[in-house]
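A.B. asks: Below: one structure in structure tokens.
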Amino acid sequence: MAAQSNDLVSWTRQNNALTPISGTSISTSNIVERPKVVFNKANSEYVMWFHSDTSNYGAAQVGVATAKTPCGPYSYRGSFRPLGAESRDMGLFQDNDAAQTTYLLYASDNNQNFKISKLDANYYNVVSQTSVISASTLESPGIVKRNGVYYLFASHTSGWDPNPNKFFTASSLSGPWSAQADIAPPATRTYFSQNTFDLPISNDFAIYMGDRWRPSLLGSSRYMWFPLSWASGKPQIVQADVWSVNLSAGTYTKATGTSYEAESGTISGSATTLSDGSFSGGKAIGFLGNGGSITINNVQGTGNAQWVALYYANGDSSWRTTTVSVNGGASVVVDQPNTGGGHVILSVPVKLTLRSGANSITFGAGQSNYAADLDKIIVYTAT
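Just so you know, we're using UniProt numbering here: the sequence shown kicks off at 1 and counts up by one.
In structure tokens, the structure reads:
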């Protein structure tokens with residue numbers, strides 16, 4: 001599918017960008033993923049590249065399609081292995097030279113080597129290999145060019161599970177590339193996400209666009225977008241539950257909110273106060289669900305729908321869920337991905353309608369499964 005937006009917030013569904021074709025590598029039984037689109041100015045044409053594969057990931061190819069408008073529909077041109085080598089997770093980078101030279105970024109050779117290869121003038125094929133980072137096990141790449149320096153962003157390979165994504169730098173796409181460095185605190189595993197694209201907004205700010213995979217329900221996987229800031233001199237993800245971007249100014253703003261510690265609430269049933277230095281205030285509420293719940297009272301609302309971020313720890317290997325009820329009303333169920341350990345805190349925002357003034361929010365009631373340990377909530381005024 002394709003969608004269109006003028007502000008990166010409100011999106012309008014468009015037509016299907018690429019339609020399956022029976023008997024080809026884009027049939028309904030094949031895999032088409034990680035599409036990237038660049039504009040070929042010389043041809044006035046949009047060119048889509050994507051990971052093209054069989055259901056068992058044995059083909060390891062790229063696919064190419066073209067259209068006259070960004071949303072398509074795109075005409076399929078075919079699938080192939082670039083320069084005869086495997087290609088799985090991939091991306092595109094268009095340089096800002098006069099020719100707008102464009103490159104394929106891809107995991108190759110059974111995901112052992114990462115390669116950068118130059119496309120032809122039409123962007124239909126690969127003509128030469130520009131760089132290779134050997135024995136790197138990198139995938140899900142993106143590149144941002146800043147002040148003449150190329151920043152390569154990528155994850156390592158860990159199946160559907162997240163890992164600490166990295167960045168590398170070079171003054172030329174042919175390398176040499178620097179040693180890897182983190183773009184987020186390693187324990188967060190890039191805030192449970194995997195890089196898929198990095199969108200430059202200004203010289204000091206890009207948008208990190210990541211995938212939050214849910215292997216048991218792939219259709220429920222979600223995008224995770226964060227500010228990617230060079231304020232410290234190196235690119236770092238800015239953890240932000242709710243934020244906005246000013247495209248004309250090239251800036252971003254984190255929303256402000258009010259924190260409410262879970263331990264300040266009223267526990268019920270088997271719910272228990274936990275103590276650990278990793279929690280905000282040193283405490284959290286555990287054993288929620290399966291008879292245990294916590295109600296946080298006097299939560300101030302505006303009378304409108306508001307974002308409420310749940311900060312939690314889930315040391316399981318699988319996702320948990322929690323029920324959330326406002327003022328005794330019907331519960332909504334919120335997913336809580338595993339945090340990679342019981343001492344790692346992540347957050348997930350949910351939009352709730354709070355009445356003007358004081359509210360009570362209950363977590364974990366009416367569910368037979370255990371929810372994650374609740375550290376705190378932050379209630380944002382932004383809608």
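By construction, the Cβ of each residue, glycine as well, lies at the ideal position given by its N, Cα and C atoms.
Leaving out five residues on either side along the sequence, give the residues of the same chain with a beta carbon under 7 Å from the beta carbon of M1.
C.D. replies: Counting from one through the sequence shown, the residue named residue 1 turns up at place 1. Answer for M1: R13, N16, A17, listed in chain order.
A.B. asks: DSSP has G328 in a bridge; who is on the other side?
C.D. replies: Taking the first residue of the sequence shown as 1, we reach residue 328 at position 328. Paired residue(s): none; G328 is not in a bridge.
A.B. asks: Taking DSSP as the reference, what is the three-state secondary structure of P215?
C.D. replies: The residue given as residue 215 occupies position 215 in the sequence shown. If DSSP states are grouped into helix, strand and coil, P215 belongs with the helices.
A.B. asks: Per DSSP, what kind of secondary structure is G257 in: helix, strand or coil?
C.D. replies: For this step, residue 257 is matched to residue 257 along the sequence shown. Here G257 sits in strand by DSSP.
A.B. asks: For the alpha helix (DSSP H) holding T190, just list the boundary residues, first then last.
C.D. replies: Taking the sequence shown and counting its residues from 1, one reaches residue 190 at position 190. Where T190 is concerned, the enclosing alpha helix (DSSP H) stretches over 189–192.
A.B. asks: Tell me whether A206 sits in a helix, a strand or coil according to DSSP, three-state version.
C.D. replies: For the purposes of this step, residue 206 is taken as the residue at position 206 of the sequence shown. A206: strand per DSSP, three-state reduction.
A.B. asks: Taking the alpha-carbon positions, what's the G78 to T66 distance?
C.D. replies: Within the sequence shown, numbered from 1, the residue matching residue 78 stands at position 78. Within the sequence shown, numbered from 1, the residue matching residue 66 stands at position 66. Cα to Cα, the separation comes out at about 11 Å.
A.B. asks: Going by the beta-carbon positions, is the gap between M224 and R214 smaller than 8 Å?
C.D. replies: For the purposes of this step, residue 224 is identified with residue 224 of the sequence shown, where counting begins at 1. For the purposes of this step, residue 214 is identified with residue 214 of the sequence shown, where counting begins at 1. Contact: no.
A.B. asks: Are the CB atoms of F287 and A262 nearer to each other than 8 Å?
C.D. replies: Here the question's residue 287 lines up with position 287 in the sequence shown. Here the question's residue 262 lines up with position 262 in the sequence shown. Cβ atoms of F287 and A262: not closer than 8 Å.
A.B. asks: For S178, which of I116, K166, T69, T188 has the nearest alpha-carbon?
C.D. replies: Residue numbering aside, residue 178 sits at position 178 when the sequence shown is read from its first letter. Nearest of I116, K166, T69, T188 to S178, Cα basis: K166.
A.B. asks: What does the alpha-carbon distance come out to for the pair V127 and S44?
C.D. replies: As a first step, residue 127 is located in the sequence shown; it is residue number 127 there, counting from the start. As a first step, residue 44 is located in the sequence shown; it is residue number 44 there, counting from the start. Between V127 and S44, the C-alpha separation is close to 21 Å.
A.B. asks: Among all the DSSP beta bridges, which residues are the ones paired with Y51?
C.D. replies: As a first step, residue 51 is located in the sequence shown; it is residue number 51 there, counting from the start. Note that residue 51 is His in the sequence shown here, rather than Tyr. Beta-bridge pairing links H51 to E33, V62.
A.B. asks: Taking three-plus beta-carbon pairs below 8 Å as touching, is the region 373–380 in contact with the region 326–334?
C.D. replies: Counting Cβ pairs under 8 Å, fewer than three are found: no touch.
A.B. asks: Could you tell me the alpha carbon to alpha carbon distance between N369 and P349, rounded to whole angstroms?
C.D. replies: Position 369 of the sequence shown, counted from the first residue, corresponds to residue 369. Position 349 of the sequence shown, counted from the first residue, corresponds to residue 349. Cα to Cα, N369 sits roughly 21 Å from P349.
A.B. asks: Using only the alpha-carbon positions, how far apart do Y191 and L346 sit?
C.D. replies: For this step, residue 191 is matched to residue 191 along the sequence shown. For this step, residue 346 is matched to residue 346 along the sequence shown. Each residue's alpha carbon lies about 7 Å from the other.
A.B. asks: Just the Cα atoms here: how many angstroms apart are L352 and N297?
C.D. replies: Within the sequence shown, numbered from 1, the residue matching residue 352 stands at position 352. Within the sequence shown, numbered from 1, the residue matching residue 297 stands at position 297. If I take the Cα positions, the gap works out to 15 Å.
A.B. asks: If you follow the beta strand (DSSP E) that S275 is part of, which residue opens it and which one closes it?
C.D. replies: In the sequence shown, the residue the question calls residue 275 occupies position 275. 272–275 is the extent of the beta strand (DSSP E) around S275.
A.B. asks: Along the chain, where does the beta strand (DSSP E) that runs through F114 open and close?
C.D. replies: Locating residue 114 in the sequence shown gives position 114, where the first residue counts as 1. F114 -> beta strand (DSSP E) spans 113–119.
A.B. asks: Measure the C-alpha to C-alpha separation of I31 and V334 and round it to an integer number of angstroms.
C.D. replies: For the purposes of this step, residue 31 is identified with residue 31 of the sequence shown, where counting begins at 1. For the purposes of this step, residue 334 is identified with residue 334 of the sequence shown, where counting begins at 1. Taking the straight line joining both Cα atoms gives about 29 Å.
A.B. asks: Can you have a look at D53 and say buried or exposed, based on whether 16 or more other CB atoms are within 10 angstroms of its CB?
C.D. replies: Reading the sequence shown from its first residue, position 53 is the one you call residue 53. Its Cβ being crowded by 16 or more others within 10 Å, D53 is buried.
A.B. asks: Compute the Euclidean distance between the alpha carbons of N111 and G84, then round it to the nearest angstrom.
C.D. replies: Counting from one through the sequence shown, the residue named residue 111 turns up at place 111. Counting from one through the sequence shown, the residue named residue 84 turns up at place 84. Each residue's alpha carbon lies about 15 Å from the other.
A.B. asks: Are there three or more Cβ pairs, one per stretch, closer than 8 Å when the region 315–324 is compared with the region 248–268?
C.D. replies: No: fewer than three Cβ pairs fall under 8 Å.
A.B. asks: List, from N- to C-terminal side, the alpha helix (DSSP H) runs of 4 residues or more that fit wholly inside the region 78–163.
C.D. replies: As far as the region 78–163 is concerned, it has no whole alpha helix (DSSP H) run of at least 4 residues.
A.B. asks: Taking 6 Å as the limit between beta carbons, can you name the residues of its chain near S259, skipping five residues before and five after?
C.D. replies: Walking along the sequence shown from the start, residue 259 turns up at place 259. So the list reads K376, I378, once near-sequence residues are dropped.
A.B. asks: Hey, how far is the Cα of I21 from the Cα of I133?
C.D. replies: Position 21 of the sequence shown, counted from the first residue, corresponds to residue 21. Position 133 of the sequence shown, counted from the first residue, corresponds to residue 133. Going by the C-alpha atoms only, they are around 35 Å apart.
A.B. asks: For R34, count the other beta carbons within 10 Å of its own beta carbon; 16 or more makes it buried, fewer makes it exposed. Which is it?
C.D. replies: In the sequence shown, residue 34 corresponds to position 34, counting from 1. Buried, because 16 or more other Cβ atoms sit within 10 Å of the Cβ of R34.
A.B. asks: What residues are listed by DSSP as bridge partners for A181?
C.D. replies: Here residue 181 refers to the residue found at position 181 when the sequence shown is read from its first residue. The partner list for A181 (beta bridge, DSSP) reads F167.
A.B. asks: Can you tell me which of the three DSSP states G286 falls into?
C.D. replies: Locating residue 286 in the sequence shown gives position 286, where the first residue counts as 1. DSSP places G286 in strand when its eight states are reduced to three.
A.B. asks: Contact between the region 153–164 and the region 299–315: three or more CB pairs below 8 Å?
C.D. replies: Because the criterion of three Cβ pairs below 8 Å is not met, the region 153–164 and the region 299–315 do not touch.
A.B. asks: Quick check: what's the CA-CA separation for D97 versus M90?
C.D. replies: Taking the first residue of the sequence shown as 1, we reach residue 97 at position 97. Taking the first residue of the sequence shown as 1, we reach residue 90 at position 90. For D97 and M90, the distance between alpha carbons rounds to 22 Å.
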